[in-house]
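Participant: Sharing a structure, written as structure tokens. Questions coming.
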Amino acid sequence: MTLVTTTARLGPSVARPGARGRAAGLVGIAIVAVFVVIAILGRDLVPYRATALSGPALQAPSGAHLLGTNGLGQDVASQLILGTRISLLVALLAGAGTVLLGGVVGVAAGWLGGWAEAGLMRFTDLVMVLPKLPLLLLVGALTGGSAVTLSLLIAVTFWPMTARILRSQVLSLRSRTHIRAAAGFGAGSWHQLRRHVLPDLGLILVAELIPAAGRAIALQAGLAFLGVGSPTQPSWGGMMRDALNYQYVFETSAWTWWLLPPVIAIVALVIGITLVGTAAEIRLVPSLTRHTR
Amino acid sequence: MGLYALTLWAVVTVVFLLPRLLPGSPLESLNDPSSGNFIYDPVIRAKLAAYYGFNRPLISQYVSYLWALLHGNLGWSISQNTPVTRLIARRLPWTLLLMGSALALSSTIGFLAGVTAAWHRGGARDRFLIGSLSMARSIPEYAMASLLLVCFAVLLPVLPLGGAYTPFAQYSSPLGAIADVGRHLILPLAALTVGLAGNHFLLVRNTVVVTLGEDYMLLARAKGVPRRALKYHHASRNAMLPFLTSVGIQTGFAVGGAIFVETVFSYPGMGTLMNAAVTARDYPLLQGSFLVLAVVVLVVNLAVELAYSRMDPRVAR
């Protein structure tokens, strides 16, 4: 397998941190902040328990049910609000796990070099080519797929991209003069790594964390949509699944308040995170975008 | 080549070990009358016991599992009471049709858009393409599919809601059948293509931008090479190699995307099959589906690598 890095990154000219880019980043932060507030206040905001049969089935939005009711008579707005919590929880856990795993493998490969590097990168390639969603479906179905399990599974399948980026970054840091100078003054390998290399990687890890979190949100919702996840825990993907499985959802206008809200919530949050991620990448790690300008 | 053989062996072994070693012993729950997954039909239970070899030592289970695989036996589907191989054989062609056309279409769009954006780098066209395509690629396939479904099958009912063909339709000619299949393919294909095209686009654009700054481009321009040749011949050719690698990687993403898109459109491929298998906790069917899809991805990647070493003499050893 070839070791060409093909992770598509935003390149050149987007990298001009102009007013436009900053505005996009702020819009992204605002979108994400709204969802975070909803998630934190969630339990106090919801008018009904998510599984409570709070009214007749398929009621159009009204004062009592802001987004109407679903096919069972559950309040759609309550489910949407409580679904935010699980999305953001998985984003945080899976994002951190992905970056941590990828970081350890990538730094170890880049710093150790030699056969350790060759072995680790071979393993990275091996995990990278596996079709991830079918694997997650299989393991998710076998384990039941609680939020924590899912986060762990996502981290275990998605770390290779981070590992590659971290490795190449460590390789380029290793040859820089300040590290060579430290080595010249007699700094040991561990000291160089801890004092001179790891601090420089912090920002890249943050820049990697944001897209990893976005990917985790899309995956968690997608897995719930395919039936992996707790059936009693409300989630955006589960709502989409229920709506699309309901035979007459398109015969009436029920899809406008049952199917569309979770779809719009996912799209808005994922786009918000992408905007933040792009802005963060440009500001935090200009070296990733600068060289091709 | 060696790595692919190793990967294949790893996949096969992981598929063997997962259901046996995971906590909660999911396989045993199939035999446990007190669990929700208990299989009531004694005939199916016997078939499963024969395939999994529940009470034999692990190594003996492994040998008979490999032996069955070599004979194309992927086990017995619990929920559909049919050999897994037969179910997959019926569904895989639809997924390959969807994935294949999406990969071809997204590669073409991504390549052309990438070259165009790089050529006008920094300009309005470039910024528009980057903005729209990187937004589009961050939208999950199932969300994109739902939006397309609502727009073009519900609000503006010009295309079918789902399926791969009109059930019970009588076609007057093979052309009619193709047109029908094509009509059902449009929306799933569009939903799957958008994200993949975005990935290709960013890669091609960034590679071409770098080549545009090379000395040989300046020389070519100075000696009066026409614009078209400059753009598509001199500049784009260097993007071909990373582009090819990316086609291999995209295949993995396309499999995932196809599973989502098929589920939204009830498209009768591997995605809807796996979705049904997840719902029924049909482990043999899930295992077989994962294995087959992994092989598809590995084969495409191997083909890409062979093509790569053909195109780049530096890699050929």
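Protein sequence lines, in the order shown, are assigned to chains A and B. The first sequence begins at -9 in the numbering used here and counts up one residue at a time. The second sequence begins at 10 in the numbering used here and counts up one residue at a time. Ideal placement from N, C-alpha and C gives every residue a C-beta, glycine not left out.
Please confirm if Met320 (chain B) has its CB atom under 8 angstroms from at least one CB of chain A.
Facilitator: So, not an interface residue.
Participant: Cβ closer than 7 angstroms: which chain A residues qualify as neighbours of Ser86 (chain B)?
Facilitator: Here the premise fails: no neighbours, minimum Cβ distance about 14 angstroms.
Participant: Evaluate the contact criterion for the segment 103 to 115 of chain B versus the segment 227 to 246 of chain B: three or more CB pairs, one atom per stretch, below 8 angstroms.
Facilitator: The answer is no - the segment 227 to 246 of chain B does not touch the segment 103 to 115 of chain B, with fewer than three Cβ pairs under 8 angstroms.
Participant: Counting along the chain, where does the alpha helix (DSSP H) carrying Tyr13 (chain B) start and finish?
Facilitator: Unbroken alpha helix (DSSP H) run through Tyr13 (chain B): 11 to 30.
Participant: Among B:Phe269, B:Phe299, B:Ser181, B:Tyr174, whose alpha-carbon lies nearest the alpha-carbon of Val23 (chain B)?
Facilitator: Considering only alpha carbons, the answer is B:Phe299.
Participant: Look up Leu(-7) (chain A) in the DSSP assignment and say whether it is helix, strand or coil.
Facilitator: The pLDDT assigned to Leu(-7) (chain A) is 37, lower than 50, so where the model puts this residue is not dependable, and the model offers no usable value.
Participant: Within the segment 118 to 165 of chain B, note down every full alpha helix (DSSP H) run reaching 4 residues or more, in order along the chain.
Facilitator: Here the runs fully enclosed are 133 to 147, 150 to 158.
Participant: Just the Cα atoms here: how many angstroms apart are Glu271 (chain A) and Leu199 (chain A)?
Facilitator: Rounded to whole angstroms, Glu271 (chain A) to Leu199 (chain A) spans 10 angstroms at the Cα level.
Participant: Among the candidates A:Gln69, A:Ser68, A:Pro189, whose CA atom is the shortest distance from the CA of Val160 (chain A)?
Facilitator: Among A:Gln69, A:Ser68, A:Pro189, the Cα nearest to that of Val160 (chain A) belongs to A:Pro189.
Participant: Indicate whether at least one CB of chain B lies closer than 8 angstroms to the CB of Val266 (chain A).
Facilitator: No, its Cβ sits nowhere closer than 8 angstroms to a Cβ of chain B.
Participant: If I measure Cβ to Cβ from Gly204 (chain A) and keep anything under 7 angstroms in the same chain, skipping five residues before and after, which residues do I get?
Facilitator: The residues are Val260, Ile263, Thr264, Gly267.
Participant: For a contact meaning CB atoms closer than 9 angstroms, what does Ser298 (chain B) contact in chain A?
Facilitator: Result: Pro124, Leu127, Leu128.
Participant: To the nearest whole angstrom, what separates the beta carbons of Ala202 (chain A) and Thr88 (chain A), a pair I think is in contact under 8 angstroms?
Facilitator: Yes, Ala202 (chain A) and Thr88 (chain A) are in contact; Cβ-Cβ is about 4 angstroms, under 8 angstroms.
Participant: By DSSP's criteria, Pro92 (chain B) is part of a beta bridge. Which residues make up the other side?
Facilitator: Partner(s): B:Trp85.
Participant: Looking only at its chain, what residues have a beta carbon closer than 7 angstroms to the beta carbon of Ile254 (chain A), apart from the 5 residues adjacent to it on each side?
Facilitator: Within the same chain, Ile254 (chain A) has no close Cβ partners at all.
Participant: In this structure, what does DSSP give as the bridge partners for Thr220 (chain B)?
Facilitator: Answer by DSSP bridge pairing: none, since Thr220 (chain B) is not bridged.
Participant: So which residues of chain B does Arg112 (chain A) contact, with C-beta pairs closer than 7 angstroms?
Facilitator: Within chain B, the residues near Arg112 (chain A) are Leu12.
Participant: State yes or no: is the beta carbon of Met283 (chain B) nearer than 8 angstroms to at least one beta carbon in chain A?
Facilitator: Chain A contact via Cβ: present.
Participant: Let me check understanding here. Comparing Cα to Cα, which of B:Thr288, B:Val305, B:Val313, B:Thr281 lies closest to Leu96 (chain B)?
Facilitator: Cα-wise, what sits closest to Leu96 (chain B) is B:Thr281.
Participant: Report yes or no: is there a C-beta of chain A within less than 8 angstroms of the C-beta of Asn310 (chain B)?
Facilitator: Cβ-Cβ to chain A under 8 angstroms: yes for Asn310 (chain B).
Participant: So if DSSP puts Thr74 (chain A) in a beta bridge, which residue, or which two residues, is it bridged to?
Facilitator: DSSP, once it has assigned bridges, lists no residue as partnering Thr74 (chain A).
Participant: For Trp245 (chain A), tell me which candidate among A:Pro221, A:Arg154, A:Val17, A:Pro51 has the shortest Cα-Cα distance.
Facilitator: Out of A:Pro221, A:Arg154, A:Val17, A:Pro51, A:Pro51 has the C-alpha closest to the C-alpha of Trp245 (chain A).
Participant: Taking the Cβ atom as the reference point for each residue, do Val273 (chain B) and Leu191 (chain A) lie within a distance shorter than 8 angstroms?
Facilitator: Result no, Cβ atoms of Val273 (chain B) and Leu191 (chain A) do not sit closer than 8 angstroms.
Participant: When the Cα atoms are used, what is the spatial distance from Phe252 (chain B) to Gln259 (chain B)?
Facilitator: Between Phe252 (chain B) and Gln259 (chain B), the C-alpha separation is close to 10 angstroms.
Participant: What do you reckon, are the CB atoms on Gly81 (chain B) and Thr94 (chain B) nearer than 8 angstroms?
Facilitator: It is a contact, given that the beta carbons lie within the stated cut-off.
Participant: Taking the alpha carbon of Ser318 (chain B) as the reference point, which residue from B:Met283, B:Met279, B:Gly257, B:Leu250 has its own alpha carbon closest?
Facilitator: For the residues B:Met283, B:Met279, B:Gly257, B:Leu250, the minimum Cα distance to Ser318 (chain B) belongs to B:Leu250.
Participant: Within the same chain, show all residues whose beta-carbon is closer than 8 angstroms to that of Val129 (chain A), passing over the 5 residues directly before and after it, in chain order.
Facilitator: Leu143.
Participant: Going along the chain, which residues of its own chain have a beta-carbon closer than 6 angstroms to the beta-carbon of Ala19 (chain B), five neighbours each way excluded?
Facilitator: If we look at Ala19 (chain B) and ignore the five residues flanking it on each side, it has no Cβ neighbours.
Participant: Alpha carbon to alpha carbon, how far is Met230 (chain A) from Met144 (chain B)? Give it in angstroms, no decimals.
Facilitator: Distance between the alpha carbons of Met144 (chain B) and Met230 (chain A) is about 21 angstroms.
Participant: Name, please, each residue of chain B whose Cβ falls closer than 8 angstroms to the Cβ of Ile155 (chain A).
Facilitator: The contacting residues do not exist; Ile155 (chain A) stays about 14 angstroms from chain B at best.
Participant: Using the beta-carbon of each residue, which ones in chain B are nearer than 7 angstroms to Ala20 (chain A)?
Facilitator: Within 7 angstroms Cβ-Cβ: nothing; Ala20 (chain A) doesn't reach chain B, min ~16 angstroms.
Participant: Within a Cβ cutoff of 6 angstroms, which residues of the same chain sit near Thr175 (chain B), ignoring the five residues on either side of it in sequence?
Facilitator: Counting only Cβ-Cβ distances below 6 angstroms, and skipping sequence neighbours, we find Asp189.
Participant: Please confirm whether Trp18 (chain B) has its beta-carbon closer than 8 angstroms to some beta-carbon of chain A.
Facilitator: It does not: the Cβ of Trp18 (chain B) has no partner Cβ on chain A nearer than 8 angstroms.
Participant: Kindly indicate the opening and closing residues of the alpha helix (DSSP H) around Ala131 (chain A).
Facilitator: First-last of the alpha helix (DSSP H) with Ala131 (chain A): 122 to 133.
Participant: Cβ of Ala216 (chain A) less than 8 angstroms from any chain B Cβ?
Facilitator: According to the sequence shown, residue 216 (chain A) is Leu rather than Ala. With 8 angstroms as the cut-off, Leu216 (chain A) counts as an interface residue toward chain B.
Participant: When Cβ atoms are compared, which residues of the segment 93 to 121 of chain B fall closer than 7 angstroms to chain A?
Facilitator: Listed in sequence order: no entries.
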